[in-house]
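Residue numbers (the numbering used here): 14 to 234. For glycine and all other residues, C-beta sits at the position ideal for the given N, C-alpha and C. Predicted, not measured: the structure shown is a model, and the values here were computed from it.
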């Protein structure tokens with residue numbers, strides 16, 4: 014037989030498919046992307062006992078005296094195996110942990126719970142190789158115009174503007190790899206700062222050309 018249970022909360026939703034040989038769970042959780050792509054997430058999967066396994070109401074002083082759900086040795090081995098053989102190429106499992114404790118449910122009853130905690134860390138090499146390093150190269154080109162002779166203002170300005178346009182165009186290349194959120198992630202801040210630093214040589218060149226023009230007028234008098 015097959016049974017499907019669906020549980021939804023503000024932080025995650027769970028679909029559980031079960032048969033006589035075991036079960037498969039599909040879990041979705043809210044992530045904190047503020048430090049993307051240098052973020053570390055902690056995934057907590059909590060199983061609460063139901064039916065006859067409910068421990069009933071306990072007083073506060075009696076909490077933790079009995080656990081009906083106890084992590085087995087096989088559970089710990091499977092968590093360690095998953096940590097070392099993770100098939101999610103984008104993430105690295107840093108730490109795994111299993112805890113059993115009493116927690117209050119919606120009826121204010123203490124229920125035996127089993128919590129599996131997975132601490133995962135995003136692999137950053139992709140973002141360094143495909144986004145951060147190319148952006149830094151474009152910025153280096155934009156700033157190297159300061160080595161062009163000061164009297165060659167046109168070449169300086171052209172190189173700076175081309176670097177800025179290249180940075181804007183490259184942003185459209187990797188925009189699908191950036192989560193579209195209403196907050197600024199670490200990568201978003203890096204990109205915004207790269208625009209500012211790429212525009213500084215342009216302002217510097219324009220200011221320098223104005224100064225050179227004034228000096229030429231003064232020398233002609």
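Whether residue i touches residue j by CB criterion (8 Å)
| i | j | result |
| --- | --- | --- |
| residue 207 | residue 51 | no |
| residue 215 | residue 129 | no |
| residue 158 | residue 179 | no |
| residue 187 | residue 145 | no |
| residue 183 | residue 127 | no |
| residue 170 | residue 218 | yes |
| residue 224 | residue 132 | no |
| residue 46 | residue 194 | yes |
| residue 96 | residue 89 | no |
Separation of residue j from residue i, as counted between CA atoms
| i | j | result |
| --- | --- | --- |
| residue 104 | residue 134 | 6 Å |
| residue 209 | residue 112 | 48 Å |
| residue 87 | residue 116 | 24 Å |
| residue 168 | residue 212 | 15 Å |
| residue 44 | residue 122 | 29 Å |
| residue 201 | residue 120 | 43 Å |
| residue 163 | residue 222 | 8 Å |
| residue 98 | residue 161 | 53 Å |
| residue 26 | residue 56 | Per-residue confidence for residue 26 stands at a pLDDT of 48, beneath the threshold of 50, marking its modelled position as unreliable; the derived number appears in the next sentence. If I take the Cα positions, the gap works out to 12 Å. |
| residue 67 | residue 136 | Per-residue confidence for residue 67 stands at a pLDDT of 40, beneath the threshold of 50, marking its modelled position as unreliable; the derived number appears in the next sentence. Spanning the two alpha carbons is a distance of roughly 40 Å. |
| residue 143 | residue 165 | 33 Å |
| residue 220 | residue 191 | 35 Å |
| residue 48 | residue 114 | 31 Å |
Exposure label - residue i; buried when at least 16 CB within 10 Å
| i | result |
| --- | --- |
| residue 153 | exposed |
| residue 21 | Below a pLDDT of 50, predicted positions are generally treated as unreliable, and residue 21, at 43, falls in that range; no measurement from the model is reported. |
| residue 125 | buried |
| residue 72 | Residue confidence for residue 72 is low, a pLDDT of 46 falling below 50, so the modelled location carries little weight; the figure read from the coordinates is stated next. Exposed. |
| residue 41 | exposed |
| residue 100 | exposed |
| residue 140 | buried |
| residue 176 | buried |
| residue 205 | exposed |
| residue 181 | exposed |
| residue 155 | buried |
| residue 148 | buried |
| residue 196 | exposed |
| residue 185 | exposed |
| residue 150 | exposed |
| residue 92 | buried |
Start-to-end residues for the beta strand (DSSP E) that takes in residue i
| i | result |
| --- | --- |
| residue 153 | Run containing residue 153: none in the beta strand (DSSP E); it sits in the alpha helix (DSSP H), 146 to 156. |
| residue 56 | 53 to 61 |
Residue span of the alpha helix (DSSP H) that contains residue i, given as start and end
| i | result |
| --- | --- |
| residue 171 | 166 to 186 |
Legend entry - Segments of 3+ residues assigned as beta strand (DSSP E) that fall wholly inside the stretch 87 to 123: Qualifying beta strand (DSSP E) stretches, in chain order: 104 to 117.
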